[in-house]
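Numbering (the UniProt record's numbering), first residue to last: 1 to 554.
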């Protein structure tokens, strides 16, 4: 009985020990569980504190940079910030604190504290805009993203994506135009460079041709002048011959009259005169010419002219020349007025059957002409006969060469004037030199000729808007100045703003100020690759910002 009791007691002890272990384990589990719960609560609490800090920091950062354009954010990163006009300084803590520290509003871009401040609307999905600071928190939604009314008094819905659809469509269309325009521009630039190289080469060749042609024209001119002098000399000789012929004919008439008078006198006196015959006189005159100089000097030519003058005078006055008088007077003195036929005179030189002296062939006139011809040739008054064909050819060659030289010089001047202009960084405006562009607005026709002039036409009346001046704004506009003056005003002027377009055309001419005109011109030349890349980035950013904004419709 004692043994069974002992066994029961032992079993009770063992059971008690088991209960004790289980209890301890339960207590330990409960403690561990409680500790884990506490740790979890502490962790959650720390996370809440961290999140709250982050939210507070983000909110503070948002408020401090509110109204600042993205490109200006770096300006506000330092602890001490200068006012943009240099008038003052402020700390980062004073940014958007609703107190104006800078007169220009640099420290309050997101509030209405400064009267000259500007608020920047991001307008994600649409176009960003800058508002006057007075419109911030004024109860009116001015920004399509509602960022200007952040105080919560008014709830502004974000309508930028919807409002920006038209803008995005326009931007896409503009990008397409730029892409095609860039391709056209590249071709025109390449063609312009080739044209400039060709014109420069032509100018160089023309200058060489001008130099050679000047020498040819000079030689032809000298030859032409020689021919003209020879022709003039030949004409003078012919004129002299004609004068001698006329004088000889007059002399023949006078001698014939004298001969008839002498024959009549001889018949009355029944005797013959001792006066030499006409043929003998001509022979003596011919022999007397042998003493003249034969070197073609001016004295000889003057002597001949003087003699011919006497002969012509005798014809007009009917008087004898001094030479004729001298020839006749000695005979009268020697023979005392008796007209006798000298010894040795051949009877067949005269036929006295009818009392008139008759000249045999060849006549004394032909002899005189032959003698004069021989004399002139001897003293070089008569040049060798000119070759008429050669003379005409020289004249024609001279005229053709002179005309050709004039054309070349005119072309050289034109190319030189053209190539001196500034045609752009890549010579892209070279083809505009010889072009004009017109547009009609109301009753006026506006005409713009780059590198030359611009005008306004109304019927037959033309008003000059200006002469070519220069490019401005990195070849973004053309200026024409010093046009016709306005009554009691300045001289007219025109500014042509250049825009990207698939073809070159003049549009939209206005007169914003008196006598100062502004026009728009579209052209592929202004479709620049850099601008195309900028537009593509802008469109891409509009989509990316909208995606980051988490618009409900996306």
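Glycine included, C-beta positions come from ideal geometry on N, C-alpha and C.
Here residue 98 carries a coil assignment [DSSP, helix/strand/coil]. Contact between the segment 176-187 and the segment 512-528 is present, with at least three C-beta pairs closer than 8 Å. Counting along the chain, the unbroken beta strand (DSSP E) around residue 454 starts and ends at 453-458. In the three-state reduction of the DSSP assignment, residue 467 falls in the strand class, which pools E and B.
In the DSSP annotation of this structure, residue 81 is not part of any alpha helix (DSSP H); the continuous beta strand (DSSP E) holding it starts and ends at 80-82. Around the C-beta of residue 486, fewer than 16 other C-beta atoms lie within 10 Å, and the residue is accordingly described as exposed.
Rounded to the nearest angstrom, the gap between the Cα atoms of residue 140 and residue 119 is 14 Å. Take the alpha-carbon of residue 101 and the one of residue 163: they are about 36 Å apart. Judged by DSSP secondary structure, residue 507 falls within the beta strand (DSSP E) whose first and last residues are 505-513. Collapsing the DSSP output to three states places residue 492 in coil.
The beta carbon of residue 167 sits closer than 7 Å to those of 126 and 127, all from its chain and outside the five residues before and after it, given in chain order.
Taking the Cβ atoms as the reference, residue 156 lies roughly 5 Å from residue 149, within the contact range of under 8 Å.
Pairing residue 143 with residue 422, the inter-Cα distance amounts to about 45 Å. Separation of residue 470 and residue 97 (C-alpha to C-alpha, rounded to the nearest whole angstrom) is 50 Å. Our two residues, residue 229 and residue 236, have alpha carbons roughly 10 Å apart in a direct line.
DSSP places residue 133 in the helix class (H, G or I) of the three-state scheme. CA-CA distance, residue 429 to residue 165, rounds to 36 Å.
Residue 121 has 129 as its beta-bridge partners, per DSSP. Residue pairing for residue 91: DSSP places it in a beta bridge opposite 80. Beta-bridge partners assigned by DSSP to residue 478: 471 and 496. Membership of residue 418 in the alpha helix (DSSP H) is indicated by the continuous run 388-419.
As DSSP reads the structure, residue 523 sits in a beta bridge with 500.
In this model, residue 405 and residue 391 are separated by some 21 Å (Cα to Cα).
Note that the segment 408-428 touches the segment 191-201; at least 3 beta-carbon pairs, one per stretch, sit closer than 8 Å. DSSP lists 446 as the beta-bridge partner residues of residue 439. Scanning its chain for C-beta atoms nearer than 7 Å, with the 5 sequence neighbours on each side dropped, one finds around residue 520 the residues 497, 499, 507 and 508, in chain order. The DSSP-derived three-state label of residue 256 is helix.
Counting other Cβ atoms within 10 Å of its Cβ, residue 454 reaches 16 or more and is therefore classed as buried. Contact between the segment 477-492 and the segment 537-545 is absent, with fewer than three C-beta pairs closer than 8 Å. Residue nearest to residue 418 within the set 452, 105, 88 and 437 is 452 (criterion: CA-CA distance). The shortest C-alpha to C-alpha distance from residue 438 to any of 523, 479 and 447 is the one to 447. Rounded to the nearest angstrom, the Cβ distance from residue 129 to residue 110 is 15 Å, too far for a contact under 8 Å. The alpha-carbon of residue 395 is positioned some 50 Å away from that of residue 478. The beta carbon of residue 84 sits closer than 7 Å to those of 104 and 106, all from its chain and outside the five residues before and after it, given in chain order.
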